[in-house]
Amino acid sequence: MPAIHVLLAGGGTAGHVEPALATADALVELTQSHGFDCEITMLGTADGLEARLVPQRGYHLEYIEKVSLPRKPSLDFLTLGPRLRSSVKKVEQVISSRSIDVVVGFGGYVSVPAYLAARQAKLPIVIHEANVHPGYANRLGARISEHVATGLPGTKLAHAHVVGMPLRKAISELNRDAMQAQAREYFGLDDRPVILAFGGSLGAARITSAMLGAQGSYGSAGIQVLLSAGVKGYAQARAQADSGVVSVVEYIDRMDLAYSVADLVVGRSGAMTCAEVSAVGLPSVLVPLPIGNGEQKWNAESLTTAGAALVIDDASFTASAVRQRIVPLMKDSQRIATMGAAAATLGRRRADQVFARFILDVVLPGGAA
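Heads up: the sequence shown begins at -15 in this note's numbering, then just goes up one per residue.
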């Protein structure tokens, strides 16, 4: 059976790893339905989330050195060239040994070496940019490739085609009502309404601190909180939490169950979070992380415009804000329902399939039709 060989470059945090894995699944499914195989190679770093998630999903993973691009003048510039050349050479070796036909990048640390190696090998490059304001890696990639897909409208990249954010089927096909009983048992929660609070795959000290600081108001409001504190914040959060109203976990592997049990999501407005709450139809309170080029603020805009989310600035997200804005919102069941319905109108549940076809249209004669 003929096969195509795809290199997916997406590592570091869940925002890069999960859409890459969802795309891998969709490519395998789509190619098999057309009578040929798809061999997936993932590119990442040893200390990224991909080191755990990719082997779990059964895909081959190749490591390169993490090459961060300094945002300000620093001594890192002195070693950037040699480190980048070393990583590009490693990717070139992967391209050769794995007989790669196309390189697909999702931004982040590993994408720049992947794009440069692909250009050197004269391979087609496909780019997926999740944020409204693209990062440096994908801005560079878009200068050397015309095959650019985006997760959101309004992304300022040449040749951009909106495909949505590729999501795992466990999320894109989630039936929250059917999974709710299993979810409550899995997390040890009772029948009270649930705030799901998390700061992405690495946690968020600001969100953890504010949610714990307001825990005295949860009992009288008849609500409970499922809080993902991240590796660094877990021990302290667990020690501070009132277990009667706040259930603290280090990391949530089963986000499908977490979304099934949730009535409201509180989190950062990374592109993955925005896409997932839309796909599953959950209202949210978003706290944009004030770093980079401000992309998280812009990611939240479509949700807030639709009435699906509230935005609270990072500096303003305190225990007082939780007590004054989030707890009253949880008690307003009609508003919660209206916000959830608004979120569902924005969801792109088949983005994984759409993006997989986009890739195959680039690499296959005649496309995937």
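Beta carbons are placed, not taken as given, at the ideal position from N, Cα and C, and that holds for glycine.
All figures in this text were calculated on a predicted structure; none of them were measured in a lab.
Query, Result
"Nearest residue (CA-CA) to L68, options V94, S304 and L158", "V94"
"Spatially closest choice to V346 from L107, D31, Q208 and A126, by CA coordinates", "L107"
"Cα-Cα separation, L27 to F182", "26 Å"
"When R334, V229, T289 and P349 are compared against A6, the one with the closest alpha-carbon", "R334"
"Segment limits, beta strand (DSSP E) that includes V433", "No answer is possible for residue 433: it lies beyond the span of the chain, which begins at -15 and ends at 353."
"For M149, three-class secondary structure by DSSP", "coil"
"Helix, strand or coil at H0 according to DSSP, with G and I counted as helix", "helix"
"Inter-stretch contact (C-beta, 8 Å, three-pair minimum) for the segment -5 to 14 and the segment 147 to 155", "yes"
"Segment limits, alpha helix (DSSP H) that includes F171", "R160 to F171"
"Terminal residues of the alpha helix (DSSP H) in which Y243 lies", "M239 to V245"
"Status (buried if at least 16 other CB within 10 Å, exposed otherwise) for H112", "buried"
"Under the three-state DSSP convention, the category L366 falls into", "The chain is shown only over -15 to 353; residue 366 falls outside these bounds and no answer can be derived."
"Contacting residues, own chain, Cβ-Cβ under 6 Å from I84 (five flanking each side not counted)", "H(-11) and L(-9)"
"Opening and closing residue of the alpha helix (DSSP H) in which Y120 lies", "Y120 to I128"
"Q199 to L313 span [Cα, whole Å]", "15 Å"
"Reduced DSSP category for T257 - H, G, I as helix; E, B as strand; rest coil", "helix"
"Spatial neighbours of V295 in its chain, beta-carbon cut-off 6 Å, leaving aside the 5 residues before and after", "L270, A284 and T288"
"Reduced DSSP category for A290 - H, G, I as helix; E, B as strand; rest coil", "coil"
"Contacts around A225, its chain only, beta-carbon distance under 8 Å, and the 5 residues preceding and following it disregarded", "L196, Q199, L211, S231 and V232"
"P137 versus A114: straight-line alpha-carbon distance, rounded", "10 Å"
"Between the CA atoms of C22 and Q16 - distance to the nearest angstrom", "8 Å"
"Nearest to G172 (by Cα), restricted to the options G214, G125, A154 and G228", "G228"
"Cβ separation of V250 and I310, assumed to be a contact under 8 Å, to the nearest whole Å", "7 Å"
"Proximity winner among E49, A154, V178 and A188, relative to T29 (alpha-carbon distances)", "E49"
"C-alpha gap between R160 and V87, whole angstroms", "35 Å"
"Selection from F90, R82, S129 and V116 that minimises the alpha carbon distance to R103", "S129"
"Environment of H0 [buried if 16+ CB atoms lie within 10 Å]", "buried"
"Simplified DSSP assignment, three categories, for S268", "strand"
"Distance CB(A305)-CB(A188) smaller than 8 Å", "no"
"Outcome for G206 when other beta-carbon atoms lying within 10 angstroms are tallied against a minimum of 16", "exposed"
"Sequence-distant residues of the same chain with beta carbon closer than 8 Å to S286, five excluded per side", "L136, P137, C258 and L330"
"Neighbourhood of P272 by C-beta, 8 Å cutoff - its chain only, sequence neighbours within 5 removed", "R252, S253, G278, Q280, K281, N283, A284, V295, D297 and D298"
"G32 versus T(-3): straight-line alpha-carbon distance, rounded", "7 Å"
"Extent of the continuous alpha helix (DSSP H) run through S193", "A189 to G197"
"Distance between L344 and G19 (C-alpha atoms, nearest Å)", "13 Å"
"For R133, the residue or residues it bridges with in DSSP", "In the sequence under discussion, the amino acid at residue 133 is Ala, which differs from the Arg named in the question. A133 is bridged to H112 and H145."
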